[in-house]
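Peer 1: Counted from 1, the sequence shown has number 23 at position 23 by UniProt numbering; the numbering is strictly sequential.
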Amino acid sequence: MSAPDAAPAAPSTRAARHARIAELLERRPVRSQGELARALADEGVEVTQATLSRDLLELGATKVHTPQGRLYALPAEGGDRSPVAGGAGLRDARLVRLAEELVVTAEASANLVVLRTPPGAAQFLASAIDRAVLPEVLGCVAGDDTVVLVTRDPAGGAAVAATMIALASGTAPPPNQPPAGPPPATP
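1) Using the Cβ count rule (16 or more neighbours within 10 Å means buried), how would you classify Glu26?
2) If you draw a straight line from the alpha carbon of Thr171 to that of Thr146, how long is it in whole angstroms?
3) Pair every Cβ in the region 155 to 171 with every Cβ in the region 106 to 124, then say whether three or more of these pairs are closer than 8 Å.
4) Tell me the rounded alpha-carbon separation between Pro39 and Ala16.
5) DSSP state of Val45, grouped into three classes?
6) To the nearest angstrom, how far is the alpha carbon of Ala126 from that of Val104?
7) Does the beta-carbon distance from Val150 to Leu134 come in below 8 Å?
8) Would you list the one or two residues that DSSP bridges to Ala142?
9) Which word fits Ala41, buried or exposed, when buried means at least 16 other C-beta atoms lie within 10 angstroms of its C-beta?
10) Keeping to the same chain, check which residues put their C-beta closer than 6 Å to that of Gln52; ignore five residues upstream and five downstream.
11) Which of the three DSSP states is assigned to Gly157 in this structure?
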(Lines of atoms letter the chains of each structure in order from A; the text may use other names.)
(Lines give C-alpha, C1' and ligand atoms only; values in the text may rest on other atoms or scores of the structure.)
Protein backbone atom coordinates (compact mmCIF):
# COMPACT_ATOMS: atom_id res chain seq x y z
CA MET A 1 0.00 0.00 0.00
CA SER A 2 1.39 3.43 -0.89
CA ALA A 3 1.61 6.50 1.31
CA PRO A 4 -1.45 8.78 1.13
CA ASP A 5 0.58 11.66 -0.29
CA ALA A 6 2.49 9.61 -2.86
CA ALA A 7 2.29 10.85 -6.43
CA PRO A 8 -0.18 8.81 -8.47
CA ALA A 9 1.21 6.52 -11.12
CA ALA A 10 0.58 7.87 -14.60
CA PRO A 11 1.10 6.20 -17.96
CA SER A 12 3.61 7.75 -20.34
CA THR A 13 1.01 8.45 -23.01
CA ARG A 14 0.41 11.64 -24.94
CA ALA A 15 -2.88 12.19 -23.06
CA ALA A 16 -1.18 11.73 -19.68
CA ARG A 17 1.60 14.14 -20.71
CA HIS A 18 -0.99 16.71 -21.85
CA ALA A 19 -2.81 16.39 -18.52
CA ARG A 20 0.47 16.86 -16.62
CA ILE A 21 1.40 19.92 -18.71
CA ALA A 22 -2.04 21.46 -18.17
CA GLU A 23 -1.79 20.83 -14.43
CA LEU A 24 1.66 22.45 -14.25
CA LEU A 25 0.53 25.50 -16.25
CA GLU A 26 -2.47 25.95 -13.96
CA ARG A 27 -0.57 25.57 -10.69
CA ARG A 28 2.53 27.64 -11.25
CA PRO A 29 3.85 30.39 -13.48
CA VAL A 30 5.80 29.00 -16.45
CA ARG A 31 7.79 31.47 -18.53
CA SER A 32 9.49 29.22 -21.08
CA GLN A 33 9.42 25.80 -22.70
CA GLY A 34 12.76 25.05 -21.05
CA GLU A 35 11.30 25.78 -17.63
CA LEU A 36 8.31 23.56 -18.40
CA ALA A 37 10.58 20.75 -19.67
CA ARG A 38 12.60 20.92 -16.42
CA ALA A 39 9.42 20.81 -14.32
CA LEU A 40 8.25 17.76 -16.26
CA ALA A 41 11.67 16.11 -15.91
CA ASP A 42 11.54 16.70 -12.14
CA GLU A 43 8.40 14.56 -12.18
CA GLY A 44 9.96 11.84 -14.32
CA VAL A 45 8.45 12.94 -17.65
CA GLU A 46 11.20 13.34 -20.25
CA VAL A 47 10.16 15.27 -23.34
CA THR A 48 12.01 16.82 -26.28
CA GLN A 49 11.59 20.50 -27.11
CA ALA A 50 9.86 19.59 -30.39
CA THR A 51 7.35 17.34 -28.62
CA LEU A 52 6.74 19.96 -25.94
CA SER A 53 6.17 22.61 -28.59
CA ARG A 54 3.60 20.36 -30.33
CA ASP A 55 1.94 19.58 -26.99
CA LEU A 56 1.57 23.28 -26.15
CA LEU A 57 0.09 23.94 -29.59
CA GLU A 58 -2.38 21.04 -29.25
CA LEU A 59 -3.42 22.26 -25.79
CA GLY A 60 -3.99 25.78 -27.15
CA ALA A 61 -1.42 27.27 -24.77
CA THR A 62 -0.37 30.84 -25.48
CA LYS A 63 1.90 33.35 -23.79
CA VAL A 64 0.01 36.12 -22.02
CA HIS A 65 1.11 39.26 -20.20
CA THR A 66 0.50 39.06 -16.45
CA PRO A 67 1.78 41.01 -13.44
CA GLN A 68 4.36 38.17 -13.12
CA GLY A 69 5.60 38.70 -16.70
CA ARG A 70 4.86 36.73 -19.88
CA LEU A 71 3.53 33.30 -18.89
CA TYR A 72 2.14 30.29 -20.70
CA ALA A 73 -1.62 30.06 -20.25
CA LEU A 74 -4.34 27.65 -21.31
CA PRO A 75 -7.76 28.63 -22.67
CA ALA A 76 -10.43 28.85 -19.98
CA GLU A 77 -13.16 26.21 -19.84
CA GLY A 78 -16.73 26.56 -20.94
CA GLY A 79 -17.79 29.39 -23.21
CA ASP A 80 -14.93 31.66 -22.17
CA ARG A 81 -11.93 30.67 -24.29
CA SER A 82 -9.68 33.55 -23.23
CA PRO A 83 -6.32 32.33 -21.89
CA VAL A 84 -5.95 32.08 -18.13
CA ALA A 85 -2.55 31.81 -16.47
CA GLY A 86 -2.33 29.47 -13.51
CA GLY A 87 -2.99 30.43 -9.95
CA ALA A 88 -4.74 28.89 -6.97
CA GLY A 89 -6.87 31.98 -6.41
CA LEU A 90 -8.54 31.68 -9.80
CA ARG A 91 -9.21 27.95 -9.37
CA ASP A 92 -10.62 28.46 -5.88
CA ALA A 93 -12.82 31.38 -6.97
CA ARG A 94 -14.14 29.23 -9.81
CA LEU A 95 -15.02 26.42 -7.39
CA VAL A 96 -16.82 28.85 -5.06
CA ARG A 97 -18.80 30.35 -7.95
CA LEU A 98 -19.76 26.96 -9.38
CA ALA A 99 -20.62 25.52 -5.96
CA GLU A 100 -22.95 28.47 -5.35
CA GLU A 101 -24.59 27.91 -8.74
CA LEU A 102 -24.64 24.12 -9.00
CA VAL A 103 -24.65 22.29 -5.65
CA VAL A 104 -28.22 21.25 -4.83
CA THR A 105 -27.46 18.80 -1.99
CA ALA A 106 -24.45 17.16 -0.37
CA GLU A 107 -24.58 13.92 1.61
CA ALA A 108 -21.78 11.90 3.19
CA SER A 109 -21.13 8.29 4.06
CA ALA A 110 -17.73 7.37 5.56
CA ASN A 111 -15.18 8.63 3.00
CA LEU A 112 -17.71 9.35 0.25
CA VAL A 113 -19.61 12.52 -0.58
CA VAL A 114 -22.51 12.60 -3.04
CA LEU A 115 -23.21 16.02 -4.55
CA ARG A 116 -26.40 16.57 -6.56
CA THR A 117 -26.51 19.21 -9.28
CA PRO A 118 -29.04 20.30 -11.89
CA PRO A 119 -29.17 17.90 -14.87
CA GLY A 120 -26.08 18.16 -17.06
CA ALA A 121 -23.97 20.12 -14.55
CA ALA A 122 -22.12 17.41 -12.62
CA GLN A 123 -19.10 17.14 -14.92
CA PHE A 124 -18.61 20.91 -14.90
CA LEU A 125 -18.63 20.97 -11.07
CA ALA A 126 -16.34 17.92 -10.88
CA SER A 127 -13.84 19.66 -13.14
CA ALA A 128 -13.76 22.67 -10.80
CA ILE A 129 -13.27 20.38 -7.79
CA ASP A 130 -10.42 18.56 -9.54
CA ARG A 131 -8.73 21.81 -10.53
CA ALA A 132 -9.04 23.30 -7.05
CA VAL A 133 -6.79 20.48 -5.80
CA LEU A 134 -8.46 20.03 -2.43
CA PRO A 135 -5.96 18.13 -0.26
CA GLU A 136 -8.69 16.19 1.55
CA VAL A 137 -10.21 14.90 -1.73
CA LEU A 138 -8.58 11.90 -3.40
CA GLY A 139 -10.70 12.20 -6.54
CA CYS A 140 -14.18 12.54 -7.95
CA VAL A 141 -16.40 10.92 -10.55
CA ALA A 142 -19.28 12.69 -12.28
CA GLY A 143 -22.40 11.53 -14.02
CA ASP A 144 -25.15 13.74 -15.39
CA ASP A 145 -26.44 15.25 -12.14
CA THR A 146 -24.30 13.55 -9.49
CA VAL A 147 -20.69 13.96 -8.37
CA VAL A 148 -19.14 11.36 -6.06
CA LEU A 149 -16.09 12.54 -4.09
CA VAL A 150 -13.71 10.13 -2.37
CA THR A 151 -11.89 11.59 0.64
CA ARG A 152 -8.42 10.62 1.80
CA ASP A 153 -9.57 10.23 5.41
CA PRO A 154 -11.70 7.10 5.90
CA ALA A 155 -14.16 9.21 7.93
CA GLY A 156 -13.69 12.49 6.03
CA GLY A 157 -16.91 12.54 4.03
CA ALA A 158 -18.95 14.53 6.55
CA ALA A 159 -16.37 17.33 6.76
CA VAL A 160 -16.06 17.62 2.97
CA ALA A 161 -19.86 17.56 2.55
CA ALA A 162 -20.13 20.36 5.14
CA THR A 163 -17.46 22.35 3.28
CA MET A 164 -19.29 21.95 -0.03
CA ILE A 165 -22.59 23.06 1.56
CA ALA A 166 -20.82 26.07 3.11
CA LEU A 167 -19.27 26.96 -0.26
CA ALA A 168 -22.65 26.61 -1.96
CA SER A 169 -24.33 28.86 0.60
CA GLY A 170 -21.55 31.45 0.51
CA THR A 171 -20.62 30.98 4.18
CA ALA A 172 -17.15 29.45 3.80
CA PRO A 173 -13.82 30.96 2.75
CA PRO A 174 -12.47 29.71 -0.57
CA PRO A 175 -10.71 26.35 -0.30
CA ASN A 176 -6.97 26.32 0.45
CA GLN A 177 -7.25 29.65 2.28
CA PRO A 178 -7.41 30.16 6.04
CA PRO A 179 -10.72 31.41 7.42
CA ALA A 180 -10.98 35.15 7.98
CA GLY A 181 -11.14 36.51 11.47
CA PRO A 182 -8.92 37.24 14.44
CA PRO A 183 -6.14 34.79 15.28
CA PRO A 184 -6.91 32.38 18.11
CA ALA A 185 -6.05 33.61 21.59
CA THR A 186 -3.02 32.07 23.24
CA PRO A 187 -3.21 31.02 26.91
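A virtual CB, placed ideally from N, CA and C, is assigned to each residue, including glycine.
Just so you know, these numbers come straight off a predicted model, no measurement behind them.
Peer 2: In terms of the structure at hand:
1) Locating residue 26 in the sequence shown gives position 26, counting from the first residue. Looking at its Cβ environment, which holds 16 or more other Cβ atoms inside 10 Å, Glu26 is buried.
2) Along the sequence shown, read from residue 1 onward, the residue named residue 171 stands at position 171. Along the sequence shown, read from residue 1 onward, the residue named residue 146 stands at position 146. Using only the alpha carbons, I get a separation of about 22 Å.
3) Touching, yes, given that three or more Cβ pairs across the two stretches are closer than 8 Å.
4) Taking the sequence shown and counting its residues from 1, one reaches residue 39 at position 39. Taking the sequence shown and counting its residues from 1, one reaches residue 16 at position 16. Checking the sequence, you will find Ala at residue 39 rather than Pro. Answer to the nearest angstrom: the Cα atoms are 15 Å apart.
5) Walking along the sequence shown from the start, residue 45 turns up at place 45. Looking at Val45 - three-state DSSP - the assignment turns out to be coil, as it is neither helix nor strand.
6) In the sequence shown, the residue the question calls residue 126 occupies position 126. In the sequence shown, the residue the question calls residue 104 occupies position 104. The C-alpha of Ala126 lies about 14 Å from the C-alpha of Val104.
7) As a first step, residue 150 is located in the sequence shown; it is residue number 150 there, counting from the start. As a first step, residue 134 is located in the sequence shown; it is residue number 134 there, counting from the start. Judged by beta-carbon spacing, Leu134 lies beyond the 8 Å limit of Val150, meaning their Cβ atoms are not closer than that value.
8) As a first step, residue 142 is located in the sequence shown; it is residue number 142 there, counting from the start. According to DSSP, Ala142 bridges with Val147.
9) Residue mapping note: residue 41 aligns to position 41 of the sequence shown, counting from 1. Around the C-beta of Ala41, fewer than 16 other C-beta atoms lie within 10 Å, and the residue is accordingly described as exposed.
10) Taking the sequence shown and counting its residues from 1, the one referred to as residue 52 is at position 52. Before going on, a small fix: residue 52 reads as Leu here, not Gln. The residues are Gln33 and Ala37.
11) In the sequence shown, counting from the first residue as 1, residue 157 sits at position 157. Three-state DSSP puts Gly157 in a helix.
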